[in-house]
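Numbering (full-length UniProt numbering), first residue to last: 1 to 351.
Set out below in structure tokens:
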């Protein structure tokens, strides 16, 4: 699978340059917002450049991610993920998660979990604010000095970028007369999640046989996701399903952050914006067209998604302008609080 590159897209995924966005009050910012909204509407994904988030900060977080996952299993398990599926904090080992897509029946979930789980390990963290709904679970400071501070600094930097992204989205939103800060009151609690991900090396044959998979096809839960891919990763692994039902690669791009729409924003917009199915695979066709070498070891991979979420008690109901007020049935989704929806989805993902 090769990349189709133009000056503005890669495999149909557009690039949005935020270099002139500023505080969001200029005509240039409005133009950027409109381009951003169009990209979200057309593909659900966009590469964001010149966002103001320093590449050095991103590189530093990957440095700490590598150090954490290089720890012994005992040291990583000094920050264990709580047993409750919805409490997405701390370390989760290889094989502990099985992705599901809109499946909540306990019997069917039990059957799903007997299949091959996602071949990855993760560390999750969220807001450090006192009274946060989900307290963080970090390893003791002596296990990896500096790790907690680095994680929380990255969390704060991602939250600042979230503000820019949501302002741009509000500026560009079609048929909905909303102020630039429309989304801000719904995101005051920093109900976000940073996930450090490590996909260990594995034989290519284990992916080809179906014995292992990295992340099954899925959509994300929240408002949207900022995905930081390791610029040192030459192979990648993320694939996006196009509106034409084709899988295309979304490779790491130096200096770019990949954004995608989440399910709650899809509900919020009454499907005007649609979350896009994506997956992580360890199997790509050889670049030269040669037969696959089943003895090949697929190299490990790191990535850092930053999941943007509304306040826990925020009621997600259809945005005005996205439905016909004279026809209540034009609303496709019933109102739901953010916590109700995300807890339901998270519980379905963990054995």
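Just so you know, even glycine gets a beta-carbon here, dropped at the ideal spot from N, CA and C.
Open item on the list: What ranges does the alpha helix (DSSP H) occupy inside the region 136-165, keeping only unbroken runs of at least 4 residues that lie completely in it?
Closed with: Complete alpha helix (DSSP H) runs here, min 4: none at all.
Task: Backbone CA spacing between residue 79 and residue 339 [nearest angstrom] - done: As a position in the chain shown, residue 79 is number 79, starting the count at 1. As a position in the chain shown, residue 339 is number 339, starting the count at 1. Approximately 23 Å between the Cα atoms of the pair.
Open item on the list: Taking only three categories from DSSP, how would you classify residue 58?
Closed with: Within the chain shown, the letter at position 58 stands for residue 58. Looking at residue 58 - three-state DSSP - the assignment turns out to be helix.
Open item on the list: Given this structure, state the Cα-to-Cα distance separating residue 331 from residue 317, to the nearest angstrom.
Closed with: The residue you call residue 331 lines up with position 331 of the chain shown. The residue you call residue 317 lines up with position 317 of the chain shown. Going from the Cα of residue 331 to the Cα of residue 317 covers about 9 Å.
- [ ] For residue 83, count neighbouring C-beta atoms within 10 Å of its own C-beta (all shown protein chains included) and say buried if the count is 16 or more, exposed if not.
- [x] Against the chain shown, residue 83 aligns to sequence position 83. Looking at its Cβ environment, which holds fewer than 16 other Cβ atoms inside 10 Å, residue 83 is exposed.
Task: residue 51 vs residue 257 beta-carbon contact at 9 Å - done: Locating residue 51 in the chain shown gives position 51, where the first residue counts as 1. Locating residue 257 in the chain shown gives position 257, where the first residue counts as 1. Yes, they are a contact pair.
Open item on the list: Looking at residue 202: is its Cβ nearer than 9 Å to the Cβ of residue 298?
Closed with: Working through the chain shown from its first residue, we reach residue 202 at position 202. Working through the chain shown from its first residue, we reach residue 298 at position 298. Contact check for residue 202 against residue 298 passes: the beta carbons are separated by less than 9 Å.
Open item on the list: Alpha carbons only, please: which of 346, 246, 319 and 324 is nearest the one belonging to residue 335?
Closed with: The residue given as residue 335 occupies position 335 in the chain shown. Comparing Cα positions, the closest option is 319.
Task: Local conformation of residue 76 per DSSP, three classes - done: Translated into positions along the chain shown, residue 76 becomes position 76. The three-state reading of DSSP puts residue 76 in helix, counting H, G and I together.
Task: DSSP-derived helix/strand/coil call for residue 268 - done: Locating residue 268 in the chain shown gives position 268, counting from the first residue. Three-state result, residue 268: helix.
TODO: Give the secondary structure of residue 185 by DSSP, where H, G and I count as helix, E and B as strand, and everything else as coil.
DONE: Against the chain shown, residue 185 aligns to sequence position 185. Residue 185: helix per DSSP, three-state reduction.
Task: According to DSSP, residues forming a beta bridge with residue 308 - done: Reading the chain shown from its first residue, position 308 is the one you call residue 308. Answer by DSSP bridge pairing, in chain order: 224.
TODO: Can you give me the start and stop residues for the beta strand (DSSP E) that residue 195 sits inside?
DONE: As a first step, residue 195 is located in the chain shown; it is residue number 195 there, counting from the start. Start and end: 193-199.
Open item on the list: Taking its Cβ as the centre, do 16 or more other Cβ atoms sit within 10 Å of residue 8, making it buried, or is it exposed?
Closed with: Within the chain shown, the letter at position 8 stands for residue 8. Exposed: under 16 other Cβ atoms inside 10 Å.
Open item on the list: Only counting the same chain, and skipping five residues up and downstream in sequence, which positions put a Cβ closer than 6 Å to that of residue 148?
Closed with: As a working mapping, residue 148 is identified with position 148 in the chain shown. So the qualifying residues of the chain are 138.
Task: Minimum C-alpha distance to residue 279 - residue among 271, 184 and 215 - done: Walking along the chain shown from the start, residue 279 turns up at place 279. Nearest of 271, 184 and 215 to residue 279, Cα basis: 215.
Task: Inter-residue Cα distance where the pair is residue 324 and residue 126 - done: As a working mapping, residue 324 is identified with position 324 in the chain shown. As a working mapping, residue 126 is identified with position 126 in the chain shown. For residue 324 and residue 126, the distance between alpha carbons rounds to 37 Å.
Open item on the list: Per the DSSP calculation, residue 14 is bridged to which residue(s)?
Closed with: One-based indexing of the chain shown puts residue 14 at position 14. Looking at the DSSP output, residue 14 shares a beta bridge with 9.
Task: Reduced DSSP category for residue 340 - H, G, I as helix; E, B as strand; rest coil - done: Within the chain shown, the letter at position 340 stands for residue 340. In the displayed model, residue 340 falls within a helix according to three-state DSSP.
TODO: Could you tell me how far apart the beta carbons of residue 311 and residue 187 are, in whole angstroms, since I believe they sit closer than 8 Å?
DONE: If you number the chain shown from 1, residue 311 lands on position 311. If you number the chain shown from 1, residue 187 lands on position 187. So it is a contact: roughly 7 Å between Cβ atoms.
Open item on the list: To the nearest angstrom, how far is the alpha carbon of residue 233 from that of residue 302?
Closed with: Here residue 233 refers to the residue found at position 233 when the chain shown is read from its first residue. Here residue 302 refers to the residue found at position 302 when the chain shown is read from its first residue. Rounded to the nearest angstrom, the two C-alpha atoms are 8 Å apart.
Task: Cα-Cα separation between residue 204 and residue 118, rounded to whole angstroms - done: Numbered from 1 along the chain shown, position 204 holds the residue referred to as residue 204. Numbered from 1 along the chain shown, position 118 holds the residue referred to as residue 118. C-alpha separation (whole angstroms): 15 Å.
TODO: Taking residue 173 as part of the beta strand (DSSP E), name the residues at either end of that continuous run.
DONE: Walking along the chain shown from the start, residue 173 turns up at place 173. For residue 173, no beta strand (DSSP E) encloses it, and the DSSP letter there is neither H nor E.
TODO: Just the C-alpha distance for residue 253 and residue 13, rounded to the nearest angstrom, thanks.
DONE: Position 253 of the chain shown, counting from 1, holds the residue named residue 253. Position 13 of the chain shown, counting from 1, holds the residue named residue 13. So the two alpha carbons sit approximately 12 Å from each other.
TODO: Would you check if the region 33-49 and the region 238-254 touch, i.e. whether three or more CB-CB distances between them fall below 8 Å?
DONE: Cβ pair count under 8 Å is three or more, so yes.
Task: Nearest to residue 75 (by Cα), restricted to the options 145, 161, 270 and 217 - done: For the purposes of this step, residue 75 is identified with residue 75 of the chain shown, where counting begins at 1. If we check each option's Cα against that of residue 75, 145 comes out closest.
Open item on the list: Less than 9 Å between the beta carbons of residue 90 and residue 191, yes or no?
Closed with: Sequence index remark: in the chain shown, residue 90 carries index 90 (1-based). Sequence index remark: in the chain shown, residue 191 carries index 191 (1-based). Going by C-beta atoms, residue 90 is not nearer than 9 Å to residue 191.
Task: Sufficient close CB pairs (3 or more, under 8 Å) joining the region 10-26 to the region 218-233 - done: Flag = no, the region 10-26 and the region 218-233 do not touch.
Open item on the list: Considering just the uninterrupted stretch of the alpha helix (DSSP H) at residue 30, what are its terminal residues?
Closed with: Translated into the one-based positions of the chain shown, residue 30 becomes position 30. Its alpha helix (DSSP H) spans residues 27-42.
Open item on the list: I need the DSSP call for residue 21, collapsed to helix, strand or coil.
Closed with: Along the chain shown, read from residue 1 onward, the residue named residue 21 stands at position 21. Residue state, collapsed to three classes: coil.
- [ ] Would you tell me roughly how many angstroms separate the C-alpha atoms of residue 236 and residue 226, rounded to the nearest one?
- [x] By one-based count along the chain shown, residue 236 stands at place 236. By one-based count along the chain shown, residue 226 stands at place 226. Take the alpha-carbon of residue 236 and the one of residue 226: they are about 16 Å apart.
Task: First and last residue of the uninterrupted beta strand (DSSP E) at residue 87 - done: What you label residue 87 is simply residue 87 of the chain shown in a count that begins at 1. Residue 87 -> no beta strand (DSSP E), and no H or E assigned at all.
Task: Other residues of its chain near residue 30: CB distance less than 6 Å, five sequence neighbours each side excluded - done: Counted from its first residue, the chain shown places residue 30 at position 30. So the qualifying residues of the chain are 171.
Open item on the list: Can you confirm whether residue 178, when its beta carbon is compared against all beta carbons of chain C, has any partner nearer than 9 Å?
Closed with: Protein chain content of the structure displayed is limited to a single chain, and chain C is not contained in it.
- [ ] Output the distance between the C-alpha atoms of residue 120 and residue 179, rounded to the nearest integer angstrom.
- [x] Mapped onto the chain shown, residue 120 falls at position 120. Mapped onto the chain shown, residue 179 falls at position 179. Residue 179 has its alpha-carbon roughly 41 Å from the corresponding atom of residue 120.
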